[in-house]
Amino acid sequence: MTAIVQRPLRQRRNRLHNGQTLAHPLMRGLKGLVLLIACALIIMPFVAIISTSLAGEDQITRSGGLVLWPEQFNLHAYEAVFAGGVVSRALGVSVFVTVVGTALSLVTTTLLAYALSRPNLVARGAVMMLVLFSLLFTPGMIPTYLAVKQFGLIDSLWALIIPTMVNAFNVIVLHSFFKGLPQELFDSAKLDGASEWQTLRQIVLPLSKAILAVVGLFYGVGYWNSFFTSLLYLNDSSLWPLQMVVRSYVVGGSQLSPAELGNPDVLPPQPALQMAILIISIIPIVCVYPFLQKHFAKGVLTGAVKG
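Count the sequence shown with our numbering and you get residues 1 to 307, in order.
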């Protein structure tokens with residue numbers, strides 16, 4: 001009798017308000033353990049990188065190159081990296097390419113997508129076909145390199161910006177969003193005497209903050225990680241962005257000399273320098289993402305819906 005009474009009580013206790021039942025406590029514990037292990041596997045490499053960049057030479061030598069927790073914190077690696085040498089210069093190049101490239105890409109992509117969304121554009125279908133053609137049939141590496149060379153962009157930072165300034169996929173995403181805006185907004189603006197430029201600036205752009213934030217994040221991450229284009233078009237090492245420094249001194253294992261670091265007061269161990277360079281290459285994007293996160297989910301869903 002007791003078992004008959006307790007069984008419905010246990011079933012009601014394991015039942016959620018929306019009609020779903022809770023999993024068995026053992027399964028929930030197993031899921032929690034799997035998630036905990038997965039989180040540890042993701043977080044531990046970052047902890048090791050940060051700890052090694054802050055550790056002393058003796059501890060790094062004893063641990064074989066990677067430190068899980070520094071015995072004594074010091075910022076010698078970061079002071080050396082920011083002492084004005086090759087890493088500081090590469091960081092400035094990456095910031096310039098990312099900021100200027102993202103701004104130019106957003107302007108050109110927005111103008112092209114808005115123009116293609118307007119029904120009165122001359123040869124709108126032909127231009128749209130060109131955009132789709134470039135999306136389906138991308139030029140190869142050698143034709144692109146020859147075009148960049150013919151325009152005199154070799155060993156120029158503009159070689160990292162101009163060839164990738166307009167992305168066809170982003171144009172289509174913005175074009176779909178602009179096409180989905182209510183036609184009544186454009187009709188009312190036209191009745192008030194607004195030009196196309198005023199309609200874009202005062203009506204369309206304020207309604208497009210979410211999708212612009214997502215497209216800007218795509219462009220920004222692409223410019224910040226522009227390694228392959230730097231490898232192709234930049235022979236002058238003084239123009240290298242941060243990703244080329246990571247490739248040479250972290251992946252390639254080349255030693256940073258005091259002269260390349262700007263002759264810092266204290267020369268930290270090479271593993272600490274390499275980990276500090278990795279942290280510097282990650283932190284800017286990590287810092288920018290929280291400010292765009294509130295727009296990210298909305299913008300991605302907006303771009304996923306076809307008009």
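All C-beta atoms in this analysis are idealised placements derived from N, C-alpha and C, irrespective of residue type, glycine included.
Terminal residues of the alpha helix (DSSP H) in which residue i lies
{"i": "leucine 217", "result": "209-224"}
{"i": "alanine 77", "result": "76-81"}
{"i": "glycine 84", "result": "That residue, glycine 84, is in no alpha helix (DSSP H); it is neither H nor E in DSSP."}
{"i": "asparagine 170", "result": "168-180"}
{"i": "aspartate 187", "result": "183-191"}
{"i": "glutamine 243", "result": "242-246"}
{"i": "valine 131", "result": "124-136"}
{"i": "leucine 232", "result": "228-233"}
Selected residue, minimal CA-CA separation from residue i, among the options
{"i": "glutamine 270", "options": "Cys287, Val250, Ile282 and Val286", "result": "Val250"}
{"i": "aspartate 58", "options": "Asn170, Leu200, Leu212 and Ala272", "result": "Ala272"}
{"i": "threonine 109", "options": "Tyr219, Phe82 and Tyr233", "result": "Tyr219"}
{"i": "alanine 147", "options": "Tyr233, Gly64, Gly84 and Lys31", "result": "Tyr233"}
{"i": "valine 86", "options": "Ala259, Gln293, Val266 and Gly64", "result": "Ala259"}
{"i": "valine 166", "options": "Gly101, Ser248 and Lys209", "result": "Gly101"}
{"i": "isoleucine 277", "options": "Ser134, Pro45 and Ala90", "result": "Ala90"}
{"i": "leucine 153", "options": "Leu217, Leu104 and Leu239", "result": "Leu239"}
{"i": "serine 134", "options": "Arg118, Ala123 and Phe169", "result": "Phe169"}
{"i": "isoleucine 161", "options": "Leu104, Phe82 and Pro70", "result": "Leu104"}
{"i": "leucine 112", "options": "Leu54, Lys179, Val245 and Thr61", "result": "Lys179"}
{"i": "asparagine 263", "options": "Ala23, Gly56 and Val81", "result": "Val81"}
{"i": "glycine 64", "options": "Phe73, Gly222 and Thr52", "result": "Thr52"}
{"i": "glutamine 274", "options": "Leu261, Leu205, Pro284 and Ile285", "result": "Leu261"}
{"i": "phenylalanine 227", "options": "Gln243, Leu191 and Ser88", "result": "Gln243"}
{"i": "proline 206", "options": "Lys190, Leu217, Phe177 and Ser230", "result": "Phe177"}
{"i": "methionine 44", "options": "Trp69, His24, Ala55 and Val97", "result": "Trp69"}
{"i": "tryptophan 212", "options": "Leu292, Asp187 and Glu184", "result": "In the sequence as displayed, the identity of residue 212 is leucine instead of tryptophan. Of Leu292, Asp187 and Glu184, the residue nearest in Cα terms is Leu292."}
{"i": "threonine 186", "options": "Arg118, Ser248, Pro163 and Asp155", "result": "In the sequence on display, residue 186 carries phenylalanine and not threonine. Checking every option, the nearest Cα to that of phenylalanine 186 belongs to Arg118."}
{"i": "valine 127", "options": "Phe73, Gly92, His175 and Ile285", "result": "His175"}
{"i": "phenylalanine 46", "options": "Ile203, Asp192 and Leu66", "result": "Leu66"}
{"i": "glutamate 71", "options": "Glu196, Thr61 and Pro241", "result": "Thr61"}
{"i": "valine 93", "options": "Pro143, Glu79 and Asn225", "result": "Asn225"}
{"i": "serine 281", "options": "Ile42, Ser88 and Glu79", "result": "Ser88"}
{"i": "alanine 159", "options": "Cys287, Gly29 and Tyr223", "result": "Tyr223"}
{"i": "leucine 217", "options": "Tyr78, Gly56 and Val99", "result": "Val99"}
{"i": "leucine 181", "options": "Ala83, Gly29 and Ser208", "result": "Ser208"}
{"i": "phenylalanine 73", "options": "Ala83, Gly56, Glu79 and Gly84", "result": "Gly56"}
{"i": "leucine 54", "options": "Lys294, Pro284, Tyr78 and Gly32", "result": "Tyr78"}
Where residue i sits in the DSSP three-state scheme
{"i": "tryptophan 197", "result": "helix"}
{"i": "glycine 32", "result": "helix"}
{"i": "glutamine 59", "result": "helix"}
{"i": "valine 288", "result": "helix"}
{"i": "tryptophan 69", "result": "coil"}
{"i": "leucine 155", "result": "According to the sequence displayed, residue 155 carries aspartate and not leucine. Reduced to three states, the DSSP call for aspartate 155 is coil."}
{"i": "alanine 3", "result": "Since pLDDT at alanine 3 reaches only 47, below the 50 mark, its modelled position is unreliable, and the value read off the structure follows with that caveat. Here alanine 3 sits in helix by DSSP."}
{"i": "glutamine 150", "result": "helix"}
{"i": "leucine 267", "result": "coil"}
{"i": "glutamine 274", "result": "helix"}
{"i": "lysine 294", "result": "helix"}
{"i": "isoleucine 161", "result": "coil"}
{"i": "asparagine 120", "result": "coil"}
{"i": "leucine 91", "result": "helix"}
{"i": "serine 254", "result": "coil"}
{"i": "proline 311", "result": "Residue 311 cannot be examined here, being either before or after the span of the chain that is shown, 1 to 307."}
{"i": "threonine 102", "result": "helix"}
{"i": "alanine 259", "result": "coil"}
{"i": "alanine 23", "result": "coil"}
{"i": "glycine 307", "result": "Residue confidence for glycine 307 is low, a pLDDT of 45 falling below 50, so the modelled location carries little weight and cannot support an answer."}
Cutoff 8 Å: residue i Cβ touching any chain C Cβ
{"i": "serine 248", "result": "Here there is only one protein chain, and chain C is not present."}
Nearest-angstrom beta carbon gap, residue j and residue i [assumed within contact, 8 Å]
{"i": "histidine 76", "j": "valine 245", "result": "Between valine 245 and histidine 76 the Cβ distance is about 18 Å, and since that is not below 8 Å, they are no contact."}
{"i": "valine 173", "j": "valine 131", "result": "Incorrect: roughly 12 Å between the Cβ atoms, too far for contact."}
{"i": "leucine 121", "j": "alanine 115", "result": "5 Å"}
{"i": "serine 97", "j": "leucine 157", "result": "Residue 97 is actually valine in this sequence, not serine. With a Cβ gap of about 6 Å, valine 97 and leucine 157 count as contacting."}
{"i": "serine 257", "j": "proline 241", "result": "Not really, about 20 Å apart at Cβ, beyond 8 Å."}
{"i": "isoleucine 279", "j": "isoleucine 49", "result": "6 Å"}
{"i": "alanine 194", "j": "histidine 295", "result": "Not confirmed; about 26 Å, so no contact."}
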